[in-house]
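*Asks:*
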Amino acid sequence: MSIGPYESMVWGGVMKIILGILLALMLVSGATGETLSLVTLESPPAEFIENGESRGRNVDIARECLKRIGFDCAVKIIPWKRALIMVENGIADGIIDAAYTFKRSKFLYFPEEAIYVEEWYLFRRTGERITLDRGLVNAGSFDLGISRGFQYGGIIQEAINNRWFKSIQEVVNNEMNIMKLVKGRFDVFVGVKMTIRHLSRKLGVAEQIQIVPMTETGKPYLLSSSKTYVAFSKKTMTRDIAEQFSDALKAMKTDGTVEKIESRYY
Numbered sequence: 007m008s009i010g011p012y013e014s015m016v017w018g019g020v021m022k023i024i025l026g027i028l029l030a031l032m033l034v035s036g037a038t039g040e041t042l043s044l045v046t047l048e049s050p051p052a053e054f055i056e057n058g059e060s061r062g063r064n065v066d067i068a069r070e071c072l073k074r075i076g077f078d079c080a081v082k083i084i085p086w087k088r089a090l091i092m093v094e095n096g097i098a099d100g101i102i103d104a105a106y107t108f109k110r111s112k113f114l115y116f117p118e119e120a121i122y123v124e125e126w127y128l129f130r131r132t133g134e135r136i137t138l139d140r141g142l143v144n145a146g147s148f149d150l151g152i153s154r155g156f157q158y159g160g161i162i163q164e165a166i167n168n169r170w171f172k173s174i175q176e177v178v179n180n181e182m183n184i185m186k187l188v189k190g191r192f193d194v195f196v197g198v199k200m201t202i203r204h205l206s207r208k209l210g211v212a213e214q215i216q217i218v219p220m221t222e223t224g225k226p227y228l229l230s231s232s233k234t235y236v237a238f239s240k241k242t243m244t245r246d247i248a249e250q251f252s253d254a255l256k257a258m259k260t261d262g263t264v265e266k267i268e269s270r271y272y
């Protein structure tokens, strides 16, 4: 049976609609299965490698959050400065555990919701009588160790920027800071309490280092408390993805998922 002009036109229109739907489904399917490349530093128990796999509190939260908005992810743990270079140049799609700075905001989309809050202290050798005066007014008496590419925030960042310490040595990672301190290469170094305690146990030197107290109180001197984020490269990602990530992270904090993940590591 032959098809008339009217039937042919209707059939053509139906086919266009069907093809449009199929194309849309293919695009959605492709986006859902996309694997993002994320980088971060080794900072256990937030980020670390175990049996060749990237794990940790922040890694697991980032994975689950991205899964909720339709992405898989591969997480690579590398030196921090290299991680920043990779997201700046679009070699990696995102970076876990980045504090906000104006400079970084030029090449990263930061979500509204933070993934983590870091507490920074100075560490000394056990038995040393080093204390820090309020406002770090005695910082000039000490040699300081820091990690390359880190932004500490607060008064300790001001002290580093303005060279208040006798000297400042920059190293690649936290493990090197710990071992240099133990070997007497400098007097104190800056680190996140939870991370340094974890790493010092791993290195077998937990009893050899301790937090520096404030001279006036004798209690541990909290130098800075800073929020960190999973931020996305402006070379490969969009503002919308960062906003979706933020919404998903808020939901995970509300529904108990973040607390459940934390129970694996704390």
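In the working numbering, the protein residues as written are 7 to 272. For each residue, glycine too, the CB sits at the ideal point set by N, CA and C. Source: prediction; values computed, not measured.
1. Does DSSP classify VAL194 as helix, strand or coil?
2. Within a Cβ cutoff of 8 Å, which residues of the same chain sit near LEU3, ignoring the five residues on either side of it in sequence?
3. Can you give, in chain order, each stretch of the beta strand (DSSP E) that sits fully within the stretch 88-173 and has at least 3 residues?
4. Answer yes or no: do ASN144 and PRO85 have a C-beta to C-beta separation smaller than 9 Å?
5. At which residues does the alpha helix (DSSP H) containing GLU268 begin and terminate?
6. Mind checking ILE27: buried by the 16 CB within 10 Å criterion, or exposed?
7. How many angstroms separate the CA atom of VAL65 from the CA atom of LEU44?
8. So the beta strand (DSSP E) VAL45 belongs to, where does it begin and stop?
9. Could you spell out the range, first to last residue, of the beta strand (DSSP E) harbouring GLU56?
10. Mind checking whether ARG63 and TYR122 have CB atoms under 9 Å apart?
11. Run through DSSP, which three-state label would ILE27 get?
12. Report the rounded CA-to-CA distance for VAL34 versus GLN250, giving the unit in angstroms.
13. Please name the residue, chosen from LYS256, PHE238, THR242, that lies closest to ALA248 on a Cα-to-Cα basis.
14. Looking only at C-alpha atoms, which of THR132, GLU94, HIS204 sits nearest to TYR115?
15. Report buried or exposed for LEU31, applying the criterion of at least 16 other Cβ atoms within 10 angstroms of its Cβ.
16. Buried or exposed: ARG207, going by 16 or more other Cβ atoms within 10 Å of its Cβ?
17. Could you tell me the alpha carbon to alpha carbon distance between ARG130 and SER173, rounded to whole angstroms?
*Replies:* Per the coordinate set shown:
1. For the purposes of this step, residue 194 is identified with residue 188 of the sequence shown, where counting begins at 1. Strand.
2. This structure does not reach residue 3, given that the chain is present from 7 up to 272, and the question cannot be answered.
3. Within the stretch 88-173, the runs of beta strand (DSSP E) at least 3 residues long that lie entirely inside it are, in chain order, 100-105, 122-131, 149-153.
4. Mapped onto the sequence shown, residue 144 falls at position 138. Mapped onto the sequence shown, residue 85 falls at position 79. The answer is no: Cβ separation not under 9 Å.
5. Counting from one through the sequence shown, the residue named residue 268 turns up at place 262. Start and end: 263-268.
6. Against the sequence shown, residue 27 aligns to sequence position 21. Confidence is the limiting factor: at ILE27 the pLDDT is only 43, short of 50, which leaves the residue's position unreliable and the question unanswerable from this model.
7. Sequence index remark: in the sequence shown, residue 65 carries index 59 (1-based). Sequence index remark: in the sequence shown, residue 44 carries index 38 (1-based). So the two alpha carbons sit approximately 9 Å from each other.
8. Translated into positions along the sequence shown, residue 45 becomes position 39. Start and end: 41-46.
9. Numbered from its first residue, the sequence shown carries residue 56 at position 50. Per DSSP, GLU56 belongs to the beta strand (DSSP E) from 54-56.
10. In the sequence shown, counting from the first residue as 1, residue 63 sits at position 57. In the sequence shown, counting from the first residue as 1, residue 122 sits at position 116. Taking 9 Å as the Cβ cut-off, ARG63 and TYR122 qualify as a contacting pair.
11. Locating residue 27 in the sequence shown gives position 21, counting from the first residue. At ILE27 the pLDDT is 43, less than 50, meaning the model places this residue with poor confidence; the figure from the coordinates comes in the next sentence. In the structure shown, ILE27 falls within a helical segment according to DSSP collapsed to helix, strand and coil.
12. Here residue 34 corresponds to residue number 28 of the sequence shown, with the count starting at 1. Here residue 250 corresponds to residue number 244 of the sequence shown, with the count starting at 1. For VAL34, the predicted structure reports a pLDDT of 38, less than 50, and the residue's modelled location is therefore unreliable. A value from the coordinates is still provided. Here the C-alpha atom of VAL34 lies approximately 16 Å from the C-alpha atom of GLN250.
13. Numbered from its first residue, the sequence shown carries residue 248 at position 242. It is PHE238.
14. Taking the sequence shown and counting its residues from 1, the one referred to as residue 115 is at position 109. It is GLU94.
15. Working through the sequence shown from its first residue, we reach residue 31 at position 25. Unreliable placement is indicated for LEU31, whose pLDDT of 40 sits below 50; no coordinate value is reported for it.
16. Counting from 1 along the sequence shown, the entry for residue 207 is found at position 201. ARG207 should be labelled exposed.
17. Position 124 of the sequence shown, counted from the first residue, corresponds to residue 130. Position 167 of the sequence shown, counted from the first residue, corresponds to residue 173. Cα to Cα, ARG130 sits roughly 15 Å from SER173.
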